[in-house]
Structures are given as structure tokens and as C-alpha cells.
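Okay, so the sequence shown: first residue is 449 according to this note's numbering, each after it adds one.
Ideal placement from N, C-alpha and C gives every residue a C-beta, glycine not left out.
Report on the following structure.
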Amino acid sequence: MMQKLDDLFTQFQSELKDCKNKQEILNLKPKYLGKKGEISNILKSLKDATAEQRKEIGPKSNEVKQNIEQLCAKSLQNFEIEEINQKLAKNKIDITMTNSVKEMGLRSTGYHPVTLIQREVEDIFLSMGFEILDGPHIEDDYHNFEALNIPSDHPARDMQDTFWFKDSVHLLRTHTSTIQVRGMEMEGRKPPFKFVGPGKVFRCERTDASHEMVFHQIEGMMVGEDVSVSHLIYFMKTLLSQIFKKDVEVRLRPGFFPFVEPGFELDIKCLICGGKGCSVCKHTGWVELLPCGMVHPNVLKYGNIDTDKYNGFAFGLGLDRLVMMKYGIDDIRHLHGADLRFMTQFHSF
Ligand code: PHE
449 MMQKLDDLFT QFQSELKDCK NKQEILNLKP KYLGKKGEIS NILKSLKDAT AEQRKEIGPK
509 SNEVKQNIEQ LCAKSLQNFE IEEINQKLAK NKIDITMTNS VKEMGLRSTG YHPVTLIQRE
569 VEDIFLSMGF EILDGPHIED DYHNFEALNI PSDHPARDMQ DTFWFKDSVH LLRTHTSTIQ
629 VRGMEMEGRK PPFKFVGPGK VFRCERTDAS HEMVFHQIEG MMVGEDVSVS HLIYFMKTLL
689 SQIFKKDVEV RLRPGFFPFV EPGFELDIKC LICGGKGCSV CKHTGWVELL PCGMVHPNVL
749 KYGNIDTDKY NGFAFGLGLD RLVMMKYGID DIRHLHGADL RFMTQFHSF
């Protein structure tokens with residue numbers, strides 16, 4: 449009988465080893481410990497045993513019972529731990545951002561090319577003694593039109609498609625020329641002065657390769673005694689030569705803007721073909737780059753500047769256009785896309 453119990457335990461151990469999951473253990477347990485299980489069967493046969501034998505077999509069978517109980521519990525626990533570990537491995541969350549970004553194969557792209565060029569232009573103007581000013585995106589009729597010599601009945605208002613607010617007074621600025629007005633308004637502002645003002649501008653336009661509803665300009669204004677067109681040309685040539693890292697040739701053509709008189713379109717000799725003619729310059733040898741002119745006296749008057757004594761120049765440089773020229777990009781919409789293959793070409797920190 450004692451031997452039988454030992455054999456039973458060995459048999460249990462080998463069967464337990466073969467269990468592949470929790471359920472198999474749960475099925476195995478009653479086979480040994482259940483009312484009709486192996487051990488009960490042995491105990492039932494005790495009635496034929498001697499008192500001596502019973503003394504031995506009683507505690508022995510209890511011991512085997514306990515061992516089986518414990519081994520089952522332990523194996524069940526092992527399977528549970530394994531289950532939890534498997535779940536954890538599946539739902540692994542890496543809370544250390546840099547590691548998980550790396551794991552996902554992502555990387556930082558650096559600054560947007562428009563930001564890079566804006567900073568470059570700002571640095572060049574700072575080195576030439578210009579201030580850098582800012583202005584709001586949401587403007588009013590006065591700063592976007594009225595004070596720039598564009599009265600409400602002026603046909604030039606049709607030149608720019610404006611995003612108006614429902615109150616018909618506020619709008620998203622259509623150009624950074626608003627910063628001319630705000631710059632002159634600043635407390636204590638007296639000529640001579642020169643500043644630039646970069647930022648986003650908004651126009652209600654259909655988008656295509658060269659038009660976006662949101663784009664970037666940097667406005668410039670210089671006011672003093674005897675400011676002339678040659679000052680304007682000097683600063684523009686210096687700026688462009690530094691941006692393109694070579695001497696650029698410029699020319700002025702007449703251009704109309706209500707807030708300048710005379711007004712010009714400044715062209716640069718095509719950097720792609722050197723003036724011979726190509727698709728970028730539409731075979732003219734020249735690329736239109738920035739509108740500018742001498743500040744209209746009415747604009748200075750709105751800014752409380754004595755027009756008998758002072759005059760000035762102003763320009764509005766399109767930053768997106770500049771990026772496109774500098775890097776040979778043929779579609780402005782790339783600049784608003786989130787294509788990493790495009791964005792990572794300009795990275796620098
Ligand atoms: N504000 C004009 C535009 O956005 C550009 C400009 C600025 C023209 C300054 C002349 C002088 O079209």
C-alpha cells in the first residue's frame with residue numbers, strides 16, 4: 449500500500465510535467481484528489497488493512513495529498529505569471545519618449561525651410577542696423593488698407609482677396625505692410641528709423657504651384673532725410689547677394705501699389721541660367737522677386753511723419769518665393785506638406 453502511494457505520486461509528477469496549460473492542471477487534480485480519485489480509492493481499501501498498516505498509511509496518504517495540492521498550486525501560479533508576462537510583452541509601452549521615437553524609426557526634422565530663411569534674412573538686416581518688429585495676424589481695416597492709402601472705395605482693395613471676419617471690420621492680414629503702419633505708430637518712434645517685420649499673411653486664393661492661402665513675407669521700411677531709390681537698391685542687393693552667396697544683378701520695373709510712389713517690381717537675374725533664359729525665368733533671363741517703392745506721402749502722414757522733412761522706402765519680400773529660388777523648388781505646396789523626405793533636406797539646429 450505504501451509503495452502504491454509512492455508510485456501514485458511519481459505518476460502524478462510526470463503527468464503534471466506534461467500539462468500544457470492551467471486547464472490541464474485543473475483537470476488533473478480531481479483525478480488524484482477527487483472523491484472518486486486515486487487517493488480516495490487507496491483510502492477506501494484501508495478497511496481491509498491491519499491497525500498497524502493504517503497508522504502508517506493514514507499520515508502517508510495525507511502527506512501525498514498535500515504534496516499534490518501544493519504542486520498543483522505552484523504550477524498554476526507559474527502558468528499565470530507566464531500569461532501576465534506574455535501580455536506585458538505584447539502591450540509594451542516605452543514611456544521614455546526618445547527611445548520609443550527611435551524604435552518607431554522617427555527622427556526630428558529640424559527647422560522648416562521658411563523659418564531658416566526668415567532667420568537668415570533677419571540676421572542680415574540686423575547686421576545692417578534694422579530693427580525687427582512683429583504685428584498681429586488678425587488686423588483691422590485701418591491697418592491693412594486705410595492707413596496704407598487704400599480707402600474703402602479704392603479699386604486696389606480688389607487686388608487682394610481678403611478673409612474678412614463677420615463684423616466686416618476685422619480680417620486676416622493680406623500683407624505684412626500692416627507692420628509699416630504699426631511700426632510708425634509705436635510710442636516714441638521718430639525718424640530716422642529702419643525696421644523689418646516678418647510673418648504669415650493670408651489670402652483667399654485658389655492654391656496652385658505658386659499660390660497658397662497662407663504664405664510668408666518680410667516687410668521692410670526705412671524713413672529718414674533724403675532716402676532715395678539707391679538706398680533701396682543697395683540694401684536689396686546686399687541682402688540678396690548674402691542669401692544666394694553670390695553677386696546678384698537686379699533691375700527695377702515700374703509696379704503699382706497704392707502705398708508707394710513710385711512703385712517698383714525688383715527682378716533678379718535668373719540664378720539658374722545666369723540670364724540666358726530657362727524654364728524658371730520663363731526664358732526672360734529675369735525673375736520677379738520683390739515689390740517695393742518709395743513710401744507714399746499719405747502713408748507717412750497717417751504715421752504722423754513730417755513729409756516736408758522725411759521720406760522713405762518700403763519693400764515686401766515673399767519668403768516662400770525666396771526659399772523656392774534658393775533651393776530650386778518648383779511647387780509652393782511642398783512647403784505646407786508634411787512629407788519628411790522633403791522636410792529633412794533643410795535640417796539644421
Ligand atoms: N504689400 C505688398 C504685397 O503684399 C508688397 C509691397 C510692400 C509693395 C511694400 C510695395 C512696398 O503685395
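- Scanning its chain for C-beta atoms nearer than 8 Å, with the 5 sequence neighbours on each side dropped, one finds around S523 the residues L464, C467 and I473, in chain order.
- For the 8 Å CB-CB criterion, G672 and P639 form a contact.
- Residue pairing by DSSP puts K648 in a beta bridge opposite H664.
- In the DSSP assignment, F761 forms a beta bridge with M670 and M742.
- Taken atom to atom, the span from the alpha-carbon of E486 to that of T458 is near 13 Å.
- In this structure, G645 and T624 form a Cβ contact; the two beta carbons are roughly 5 Å apart against a cut-off of 8 Å.
- Between E713 and G703, the CB-CB gap stays under 8 Å.
- Membership of R789 in the alpha helix (DSSP H) is indicated by the continuous run L788 to M791.
- Within the same chain, I780 come within 6 Å of S658 by CB-CB distance, once the 5 residues on both sides are set aside.
- Taking 8 Å as the cut-off, the beta carbon of L737 is found closer than this to the beta carbon of D715.
- If you draw a 10 Å sphere on the C-beta of P561, you find 16 or more other C-beta atoms in it, and that means buried.
- Counting along the chain, G711 sits inside no alpha helix (DSSP H); it lies in the beta strand (DSSP E) bounded by residues V708 to K717.
- DSSP places I565 in the uninterrupted alpha helix (DSSP H) bounded by P561 to S575.
- Per DSSP, R699 is not a residue of any alpha helix (DSSP H); the beta strand (DSSP E) it occupies stretches across V698 to P702.
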